[in-house]
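What follows is a set of notes on a single structure, which appears directly below.
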């Protein structure tokens, strides 16, 4: 699946703003490296989800969401366990969720299953690092992951829906 077509479709479906910045930079031995950066701004519940897919440079995607702070918001962290560590440490799951609030932690676990991220964790090289934390006068949800897994374009809608679920969970 072509990532540009899928990201444009998602953006249109959610009345978002889509930008594509193709560039070429000098590579080794006089070659040119093609870089494509796709930026999406998706409105959701009076918030903006800023998404950047960077192909050719860092081959990563980021999701950034700023929420209004309220006292019940707590820090959380979601991270994957790489294949080698999983085998060496006999880890059952490929991801872990750290959060002091058990209700939020269970909500995140349910969202991981609902949006099929657990399948991505188990069956692909998908590696996610996501945090929710207070920064100055906002609460920021920030996620970053490598695009070096086979279904990166097909999973874009599930990842957006997962982040929408994070907004709902962290806004309660």
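Numbering (our numbering), first residue to last: 1156 to 1327. Just so it is clear, CB atoms sit at the ideal spot from N, CA and C, and this is done for glycine as well.
| With 16 as the cutoff for other CB atoms within 10 Å, does residue 1167 come out buried or exposed? | Working through the chain shown from its first residue, we reach residue 1167 at position 12. Its Cβ having fewer than 16 others within 10 Å, residue 1167 is exposed.
| In this structure, does DSSP put residue 1168 in helix, strand or coil? | Taking the chain shown and counting its residues from 1, the one referred to as residue 1168 is at position 13. Helix.
| said: Less than 9 Å between the beta carbons of residue 1253 and residue 1281, yes or no? | reply: Residue numbering aside, residue 1253 sits at position 98 when the chain shown is read from its first letter. Residue numbering aside, residue 1281 sits at position 126 when the chain shown is read from its first letter. With respect to the 9 Å criterion, residue 1253 and residue 1281 are not classified as neighbours on the basis of their beta carbons.
| Can you give the beta carbon distance from residue 1286 to residue 1218, rounded, assuming they're within the 8 Å contact cut? | Working through the chain shown from its first residue, we reach residue 1286 at position 131. Working through the chain shown from its first residue, we reach residue 1218 at position 63. The Cβ separation is near 11 Å, so there is no contact.
| field | Cβ-based neighbour list, residue 1179, same chain, cut-off 8 Å, excluding 5 preceding and 5 following | value | Counting from one through the chain shown, the residue named residue 1179 turns up at place 24. Excluding sequence neighbours, residue 1179 sits near 1187, 1188, 1189 and 1190.
| Inside the segment 1254 to 1322 only - beta strand (DSSP E) runs reaching at least 3 residues | Counting only runs of 3 or more, we get 1283 to 1290 and 1293 to 1301.
| request: Name, in chain order, the residues that DSSP records as bridge partners for residue 1180. | output: Here residue 1180 refers to the residue found at position 25 of the chain shown. Residue 1180 is bridged by DSSP to 1188.
| said: Does residue 1324 come out as helix, strand or coil in the three-state DSSP assignment? | reply: Position 169 of the chain shown, counted from the first residue, corresponds to residue 1324. The DSSP-derived three-state label of residue 1324 is helix.
| query | Between the segment 1288 to 1303 and the segment 1201 to 1221, do three or more beta carbon pairs fall short of 8 Å? | reply | Taking 8 Å as the limit for Cβ pairs, the verdict is that the segment 1201 to 1221 does touch the segment 1288 to 1303.
| task | Starting from the C-beta of residue 1276, find all residues in its chain whose C-beta is less than 7 Å away, skip the five residues before and the five after it, and write them out in chain order. | result | Translated into the one-based positions of the chain shown, residue 1276 becomes position 121. Counting only Cβ-Cβ distances below 7 Å, and skipping sequence neighbours, we find 1235, 1249 and 1250.
| task | Keeping to the same chain, check which residues put their C-beta closer than 6 Å to that of residue 1176; ignore five residues upstream and five downstream. | result | Position 21 of the chain shown, counted from the start, is the residue given in the question as residue 1176. The residues are 1192.
| Using the beta-carbon count (16 or more within 10 Å), is residue 1185 buried or exposed? | In the chain shown, counting from the first residue as 1, residue 1185 sits at position 30. So residue 1185 counts as exposed.
| Same chain, Cβ closer than 7 Å to residue 1319, neighbours up to 5 away in sequence not counted | Your numbering for residue 1319 matches position 164 in the chain shown. Short of 7 Å from the beta carbon of residue 1319, and not among the five residues preceding or following it, lie these beta carbons of its own chain, in chain order: 1199.
| query | Which two residues bound the contiguous beta strand (DSSP E) that contains residue 1202? | reply | Numbered from its first residue, the chain shown carries residue 1202 at position 47. First-last of the beta strand (DSSP E) with residue 1202: 1202 to 1210.
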